[in-house]
Amino acid sequence: MQTENLSSDRMTAELKRRLEEAEETIRAIREGEVDALVMRNPLDEDEVFALEGGTESYRAFMEAMDVGAAAFDGSSRLIYANKELLDLLGLDRGISTSDIFHALPPAVREPLGELLKEARSGKTAREVVLPMTRGDRHVLISASPLVLGFNDGVAVTFVDITARMQASAARESERAAHAIIASANEAVIVCDLAGIVTHANAAVAGITNANPIGMHFNDAVQIVVPDLTGLMQGAELVELAIGGASVQGIEASAPNAPRIKDLLISAAPLRLGDRLTGCVVTMVDLSQRKAAEKQQLLLMGELDHRVKNTLALVLSIAKRTSSTEGTVEGFQKAFASRIQALAATHNILAERSWNAVAISEILRTELAPFVADIQTRLSVIGDDANINSRAAIAFGMVIHELATNAVKYGALSSSTGRISVKIANSEPTRLSVEWKEIGGPEVREPSKSGFGQTVITRSMQYASDGGAELRYERDGVRCLVNIPAVDIVSQAAPSGTSRIAT
591 MQTENLSSDR MTAELKRRLE EAEETIRAIR EGEVDALVMR NPLDEDEVFA
641 LEGGTESYRA FMEAMDVGAA AFDGSSRLIY ANKELLDLLG LDRGISTSDI
691 FHALPPAVRE PLGELLKEAR SGKTAREVVL PMTRGDRHVL ISASPLVLGF
741 NDGVAVTFVD ITARMQASAA RESERAAHAI IASANEAVIV CDLAGIVTHA
791 NAAVAGITNA NPIGMHFNDA VQIVVPDLTG LMQGAELVEL AIGGASVQGI
841 EASAPNAPRI KDLLISAAPL RLGDRLTGCV VTMVDLSQRK AAEKQQLLLM
891 GELDHRVKNT LALVLSIAKR TSSTEGTVEG FQKAFASRIQ ALAATHNILA
941 ERSWNAVAIS EILRTELAPF VADIQTRLSV IGDDANINSR AAIAFGMVIH
991 ELATNAVKYG ALSSSTGRIS VKIANSEPTR LSVEWKEIGG PEVREPSKSG
1041 FGQTVITRSM QYASDGGAEL RYERDGVRCL VNIPAVDIVS QAAPSGTSRI
1091 AT
């Protein structure tokens, strides 16, 4: 009996001792004093179990990391954050663990909360933008499951990828810049701070035969700026741009260029961020504009010439009209009529940019003020022809004087009279127009020569093969006008007699 009581006391004491050891082990585990346990399995073999959740067992490891790191327990409560993370977030190192999570900006706190939930099923990551006083920081947050002792937790790393993002953006920007330069219609050259060409698009081939890459700008593109008295050359333009000054719209010439000789040059500094890295030079082809300017000067000279000729003609008309009219009223009426006839031919020429005009069109225009039923009173026979402005003006005045005389004394003075015009080109370079009045009163030759007769006989005599012959036949006035060959722009080949619609 005593033996049994002794055995029972020993067993109780042994159980108390083991219970005390277990409680001490649990306390040591909880307070991070134990990193591993050695336990004997049913086969009497010792097994080592690492206590992977001891908070202190992570501290040394986390502090040694060069990225921000934090550990959260199963309830998403922050257990520990290393120094790198506090520096990244711009937080005071003395901040309490419970305040770190709430100190995070919403742009980080909200996605972090979602990551902590997602990490229970496996590793996950997300990029966030961290607003800072010195500019936004791009941060990659990664979360992974973590065993904390006998509980589950989450390990989180914060990696600053701002530099990587900026480098990627810079590469993308450079690719875009290259694409823009390559697709530009004008020539574009990029130089570094030494004035050496680093980039050039295909359009530069019109300015230089050599590949300009690696050459100094002044050697690659030889330009002359005449308006600046030779004091400024290509090198000076590049130096100004590299120095930070923009130069725009400088007209220059490239005398040795294979194709583009006239240029409009602009140069501007090239900056990457706050850093000046070189300059960009654009060269626009002015060849078409220069050609247009030359054409404009020619047109202005031609216009000046025509205006002077027209004014001289008006003065001549005024003087000769005044010498043949006995009254002011007669002068005003005759002078106005002749100026209107001149203006009518000018209008036709202006509509055609002072190019060729058809003989039949001049006839219709000049006769329109005199003949209401022109379709029945005028017939034009033969092959039409186009004549230039000089001949058109002279021919228009001749027809006007013939029509004026016909209205006063000839075929158009009666209701039965009509006009027949025959265009003949019997020779390749000879063109004549015959005016014939039919059905009018008997014609008598005037006793003295008037202004109209002078205009008719003299208008085409500026060329040796030009002129007009006026005959006063009893059955009607007949006038043969020879158009100078030099004034014939185009004429149809002879094809016999044909009626031209009027």
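According to our numbering, the sequence shown holds residues 591 to 1092 in order. All residues carry an ideal CB built from backbone N, CA and C; glycine is no exception. What you are looking at is a predicted structure, and each value in this text was computed from that prediction instead of being measured.
Reduced DSSP category for residue i - H, G, I as helix; E, B as strand; rest coil
{"i": "Leu854", "result": "strand"}
{"i": "Ile1073", "result": "strand"}
{"i": "Ala772", "result": "helix"}
{"i": "Glu915", "result": "coil"}
{"i": "Ala697", "result": "helix"}
{"i": "Arg716", "result": "strand"}
{"i": "Gln756", "result": "helix"}
{"i": "Asp656", "result": "coil"}
{"i": "Val828", "result": "helix"}
{"i": "Ser906", "result": "helix"}
{"i": "Met1095", "result": "Given that the chain is displayed from residue 591 to residue 1092, the structure contains no residue 1095 and the question cannot be resolved."}
{"i": "Ser1054", "result": "coil"}
{"i": "Gly703", "result": "helix"}
{"i": "Gly1066", "result": "strand"}
{"i": "Phe960", "result": "coil"}
{"i": "Val1079", "result": "strand"}
{"i": "Asn995", "result": "helix"}
{"i": "Asn976", "result": "strand"}
{"i": "Val1123", "result": "Shown here, the chain extends from 591 to 1092; a query on residue 1123 therefore has no answer."}
{"i": "Asp599", "result": "helix"}
{"i": "Asn846", "result": "coil"}
{"i": "Gly796", "result": "helix"}
{"i": "Gly1093", "result": "Absent from the model: residue 1093. The displayed extent of the chain is 591 to 1092, so no value can be given."}
{"i": "Ala934", "result": "helix"}
{"i": "Arg765", "result": "helix"}
Cross-strand partners of residue i (DSSP beta bridge)
{"i": "Asp742", "result": "Val737"}
{"i": "Gly868", "result": "Asp782, Leu860"}
{"i": "Asp750", "result": "Val729"}
{"i": "His990", "result": "Per DSSP, none; premise fails for His990."}
{"i": "Lys1012", "result": "Ile971, Glu1024"}
{"i": "His895", "result": "His895 is not bridged to any residue."}
{"i": "Arg1034", "result": "Note: Arg1034 sits in no beta bridge, so no partner."}
{"i": "Met873", "result": "Ala777, Ile855"}
{"i": "Phe662", "result": "Leu668, Val744"}
Residue i to residue j span [Cα, whole Å]
{"i": "Glu776", "j": "Arg879", "result": "14 Å"}
{"i": "Ile1028", "j": "Val1067", "result": "8 Å"}
{"i": "Asp678", "j": "Thr872", "result": "A small fix is needed here, since residue 678 is Leu in this sequence, not Asp. Roughly 44 Å between the two C-alpha positions."}
{"i": "Val970", "j": "Ile1013", "result": "7 Å"}
{"i": "Arg1020", "j": "Leu1060", "result": "19 Å"}
{"i": "Val904", "j": "Gln930", "result": "11 Å"}
{"i": "Thr867", "j": "Leu860", "result": "6 Å"}
{"i": "Thr645", "j": "Gly834", "result": "In this predicted model, Thr645 has a pLDDT of only 49, less than 50, meaning its place in the structure is not dependable; the value taken from the coordinates is given anyway. Each residue's alpha carbon lies about 58 Å from the other."}
{"i": "Ser1022", "j": "Ala842", "result": "53 Å"}
{"i": "Cys869", "j": "Val814", "result": "20 Å"}
{"i": "Ser877", "j": "Leu893", "result": "24 Å"}
{"i": "His990", "j": "Ala882", "result": "38 Å"}
{"i": "Ser912", "j": "Asn945", "result": "33 Å"}
{"i": "Phe691", "j": "Leu675", "result": "12 Å"}
{"i": "Gly916", "j": "Leu887", "result": "45 Å"}
{"i": "Ala902", "j": "Met987", "result": "15 Å"}
{"i": "Arg928", "j": "Ile907", "result": "8 Å"}
{"i": "Gly703", "j": "Arg710", "result": "12 Å"}
{"i": "Arg954", "j": "Val1071", "result": "17 Å"}
{"i": "Glu700", "j": "Glu829", "result": "52 Å"}
{"i": "Ser943", "j": "Ala790", "result": "43 Å"}
{"i": "Asp599", "j": "Val737", "result": "41 Å"}
{"i": "Phe662", "j": "Ala858", "result": "54 Å"}
{"i": "Ser1010", "j": "Met890", "result": "40 Å"}
Endpoints, the beta strand (DSSP E) within which residue i is located
{"i": "Gly1057", "result": "1057-1063"}
{"i": "Leu668", "result": "668-671"}
{"i": "Gly839", "result": "837-843"}
{"i": "Thr1006", "result": "Note, Thr1006: premise wrong, no beta strand (DSSP E); not H, not E."}
{"i": "Val787", "result": "787-790"}
First through last residue of the alpha helix (DSSP H) which encompasses residue i
{"i": "Gly1042", "result": "1041-1048"}
{"i": "Ile949", "result": "949-957"}
{"i": "Ala810", "result": "807-810"}
message = Under 8 Å, with one C-beta from each stretch per pair, do the segment 913-931 and the segment 999-1008 reach the 3-pair mark?
response = Look at the beta carbons and you see the segment 913-931 not touching the segment 999-1008: under three pairs across the two are nearer than 8 Å.
inquiry  = Does the contact criterion of 3 or more C-beta pairs under 8 Å hold for the segment 785-805 versus the segment 840-852?
reply    = Two segments are said to touch when three or more pairs of C-beta atoms, one from each, lie closer than 8 Å; by this definition the segment 785-805 touches the segment 840-852.
task = Give a yes or no on contact between the segment 741-751 and the segment 776-786, applying the rule of three or more CB pairs nearer than 8 Å.
result = Touching, no, given that fewer than three Cβ pairs across the two stretches are closer than 8 Å.
query = At a cut of 8 Å, does the segment 1042-1062 reach the segment 1004-1011 through at least three beta carbon pairs?
reply = The segment 1042-1062 and the segment 1004-1011 do not touch, with fewer than 3 CB-CB distances between them shorter than 8 Å.
inquiry  = For the structure I just gave you, are there three or more beta carbon pairs, one from the segment 938-957 and one from the segment 973-980, closer than 8 Å?
reply    = Yes: the two stretches touch, three or more of their Cβ pairs being nearer than 8 Å.
query = Does the segment 1045-1057 come close enough to the segment 1068-1081 to have 3 or more Cβ pairs within less than 8 Å?
reply = A contact exists between the segment 1045-1057 and the segment 1068-1081.
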